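Take numbering that gives the first Met the number 0: the last position of the sequence shown gets the number 420, and nothing is skipped along the way. Here a beta-carbon is modelled for each residue, glycine too, at the ideal position from N, C-alpha and C. Please read these numbers as outputs of a predicted model, since none were measured by experiment. Worksheet for the structure shown next.
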Amino acid sequence: MPLLSSWIEAANDPACPFPLNNLPCGVFSVAGGPRHCGVAIGDQVLDVTAMERAGLISLADRAVLDRPEWNAVMALGPAAWTRLRNLLFGFLRAGSDLHSSVSRYLHPLSAVELHLPFSVTEFTDFYASHHHAQNVGTMFRGAENALPPNWRHLPIGYNGRASSVVVSGTDLHRPWGQLKGPNDAAPRFAPCERFDFELEMGAVVGTPSRLGRPVTVAQADAMIFGYVLLNDWSARDIQAWEYQPLGPFQAKATATTISPWIVTRAALDPFRVAAPEREPELLPYLHEPGPMNYDIELEVELTPQGGAPVVITRTNYREMYYSAAQQLAHHTTAGAPMRPGDLLGSGTVSGPERDNRGSLLELAWGGKEPLDLGGGVTRSFLEDNDRLTLRGWARAEDYTIGFGECSGILRPAIAPPWPVD
Ligand code: MN
C-alpha cells in the first residue's frame, strides 16, 4: 500500500510516524483541560470527541467518544472501526473539501498531554519469543533443558495486574520485596537489586468473547483492535524467590508502561508476516489461517541520569513464535470471556543475536557480562533514575507507522510504612 496523502503536510513525510495510513487512537488534554479522544495525524492530534459532539462523526445510535477512553468504540466491533477510519480518510485526505470544517479540531501534538488511551480491564503476559525463552532457560537450567516441555505446544502466560498499567511518561519507584540470599541465608525484605525491563508489544482486545465459548484464531484476530508498545518492568530477584510453583506475582506488579497511541490492526495489515516455522506442528486449534505476525522494528534506549541516551537493543516483533491472535484464542479455551480493554503482553521480544535481546537479564547475562554503555558506564540491571524508552516502527517504502514513545524513569525506592533495617 502506498502513502495516503493528507492536506496536513507533515503527515506526508516518509519518516513521520503518523501518516494518514496510521490514524492511531489516543486520549489527550490541552493545558489541564478535559481529556478527549484524539487521533494523531502528522504533527497534530484531531479531537474526535469534539467532532462527535458537533455531529461530524457518528458511529452508533449514541455517543461513544464522549468519555476519555476508547473502550466504547472498541466494543462496537470491526465494522464501526472501519467506518471511523473511512470517515477520517474523508476529512484528512489531500484535496478533501471538508478541510475548513475540520481545522478547528486540530491541536499541535507538542501542546497536548497524553493519557492512558483505554481502560485496561485485565492484563495477561506471555513468554512467546523462542530466543528469549532459550536465553532465560539456558541461564537457569542449562542449554539442554532451556525450554520447558510445554513451550513448543502452547503459549505460556500468566494473569497480571491491570491496575498498574501506566502510560508513557509515568515515573515508577524501585519496589521493595522479599529477596533470598544464596543457600541457607534467610530471606530479607529490601529494595529490589535486580530491576529490569522487558521489551514487548501489547495487543488490545476490542470486541468481547462469551463466557464458556472459546474462539478460533481467525475470530481472535478479528477481535483485536490494535497494538501498543509495552514495557513489562520486572524485579528479577523478587521473581527468583517467589515464582515457584505459581509463577510471577510481585515481581511483575510494580508497573507496566504502554505507549500512548493504539495503532489499529487496519494500519498494521500491510505489515503482516508469517511466524517462524513451528516444530513440532501445533494442535489444530492453534493453526493460523494466514500470516498473523507483524514486521515491526523495535529498539530500546537507556539514558542514565545526566548521561547520553544509548540504544541497547534492536529487534523485530516478527521473531515471535506465537502471534497475539494465537495467544488470545488459547486464552479463551477454558471458557473465560475476554472483554474490551483486555491487554495481552506478547512476552519479551528477543532476536537471535546478543544485541537483539529484549531485557537486561539477557543483555548482561544475569549480571555475568555487564553491558557497556560507553564512557566507563556499565549496567547489569537498572540503576535509580535510569530512563528506559521503547520505540517501534513498521516501515513501508514511502511511509512509516509509529507508536509514539514508551518511556519511564525508575525513581528510588520509597520506604514502606513499617520499620526496616
Ligand atoms: Mn513479560
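Inset, instruction - Can you have a look at GLN325 and say buried or exposed, based on whether 16 or more other CB atoms are within 10 angstroms of its CB? - result: As a first step, residue 325 is located in the sequence shown; it is residue number 326 there, counting from the start. Buried is the label assigned to GLN325, since at least 16 other Cβ atoms lie within 10 Å of its Cβ.
Inset, instruction - Return the CA-CA distance between LEU343 and GLU287, expressed in angstroms with no decimal places. - result: By one-based count along the sequence shown, residue 343 stands at place 344. By one-based count along the sequence shown, residue 287 stands at place 288. Computed Cα separation, rounded: 18 Å.
Legend entry - Sub-8 Å separation of THR48 and ASP60 beta-carbons: As a working mapping, residue 48 is identified with position 49 in the sequence shown. As a working mapping, residue 60 is identified with position 61 in the sequence shown. Not in contact: THR48 and ASP60 (Cβ atoms no closer than 8 Å).
Inset, instruction - In the DSSP assignment, find the alpha helix (DSSP H) that holds LEU267 and state where it starts and stops. - result: Reading the sequence shown from its first residue, position 268 is the one you call residue 267. Per DSSP, the continuous alpha helix (DSSP H) segment holding LEU267 begins and ends at 264–267.
Inset, instruction - Tell me, to the nearest whole angstrom, how far the beta carbon of LEU87 is from that of LEU75; I am working on the premise that it is less than 8 Å. - result: The residue given as residue 87 occupies position 88 in the sequence shown. The residue given as residue 75 occupies position 76 in the sequence shown. Rounded to the nearest angstrom, the Cβ distance from LEU87 to LEU75 is 15 Å, too far for a contact under 8 Å.
Inset, instruction - Return yes when at least one heavy atom of the ligand MN lies under 7 Å from the C-beta of ASP231, else no. - result: Within the sequence shown, numbered from 1, the residue matching residue 231 stands at position 232. Distance from the C-beta of ASP231 to the nearest heavy atom of the ligand MN is below 7 Å.
Legend entry - GLY344 Cβ short of 7 Å to the ligand MN heavy atom set: Here residue 344 is taken as the residue at index 345 of the sequence shown, counted from 1. At least one heavy atom of the ligand MN is nearer than 7 Å to the Cβ of GLY344, so yes.
Legend entry - Cβ neighbour criterion (16 or more within 10 Å) applied to VAL419: As a first step, residue 419 must be located in the sequence shown, where it is residue number 420. VAL419 is exposed by the Cβ-count criterion.
Legend entry - SER4 - DSSP class collapsed to helix/strand/coil: Residue 4 sits at position 5 when you count from the first residue of the sequence shown. Reduced to three states, the DSSP call for SER4 is coil.
Inset, instruction - Could you check the C-alpha separation between SER105 and GLY41 for me, to the nearest Å? - result: By one-based count along the sequence shown, residue 105 stands at place 106. By one-based count along the sequence shown, residue 41 stands at place 42. What sits at residue 105 in the sequence shown is Leu, not Ser. Their backbone Cα atoms lie some 11 Å apart in a straight line.
Legend entry - Straight-line Cα distance separating VAL309 from SER349: By one-based count along the sequence shown, residue 349 stands at place 350. By one-based count along the sequence shown, residue 309 stands at place 310. Rounded to the nearest angstrom, the two C-alpha atoms are 18 Å apart.
Inset, instruction - Report the residue ranges of all beta strand (DSSP E) runs contained in full by the segment 229–271; include only those spanning at least 3 residues, in chain order. - result: As far as the segment 229–271 is concerned, its whole beta strand (DSSP E) runs of at least 3 residues are 255–257.
Inset, instruction - Classify ILE400 as buried or exposed, calling it buried when 16 or more other Cβ atoms lie within 10 Å of its own Cβ. - result: Position 401 of the sequence shown, counted from the first residue, corresponds to residue 400. By the Cβ-count criterion, ILE400 is buried, with 16 or more other Cβ atoms from all chains shown falling within 10 Å of its own Cβ.
Inset, instruction - Could you name the residues that DSSP lists as bridge partners for PRO416? - result: Numbered from 1 along the sequence shown, position 417 holds the residue referred to as residue 416. Looking at the DSSP assignment, PRO416 forms no beta bridge with any residue, so it has no partner.
Legend entry - Alpha-carbon to alpha-carbon, ALA266 and TYR157: Residue mapping note: residue 157 aligns to position 158 of the sequence shown, counting from 1. Residue mapping note: residue 266 aligns to position 267 of the sequence shown, counting from 1. Taking the straight line joining both Cα atoms gives about 29 Å.
Inset, instruction - Return yes when the Cβ of LEU409 is within less than 8 Å of the Cβ of PHE122, no when it is not. - result: Walking along the sequence shown from the start, residue 122 turns up at place 123. Walking along the sequence shown from the start, residue 409 turns up at place 410. In this structure, LEU409 does not lie closer than 8 Å to PHE122 by Cβ.
Inset, instruction - For my contact list, GLY407 and PRO16 are in at a C-beta cut-off of 8 Å; report their separation, rounded to the angstrom. - result: Taking the first residue of the sequence shown as 1, we reach residue 407 at position 408. Taking the first residue of the sequence shown as 1, we reach residue 16 at position 17. Not quite, the Cβ-Cβ distance comes to about 19 Å (not below 8 Å), so this is no contact.
Inset, instruction - Alpha carbon to alpha carbon, how far is ILE237 from GLY25? Give it in angstroms, no decimals. - result: As a working mapping, residue 25 is identified with position 26 in the sequence shown. As a working mapping, residue 237 is identified with position 238 in the sequence shown. C-alpha separation (whole angstroms): 34 Å.
Inset, instruction - Please say whether SER208 and VAL111 have beta carbons closer to each other than 8 Å? - result: Counted from its first residue, the sequence shown places residue 111 at position 112. Counted from its first residue, the sequence shown places residue 208 at position 209. The answer is no: Cβ separation not under 8 Å.
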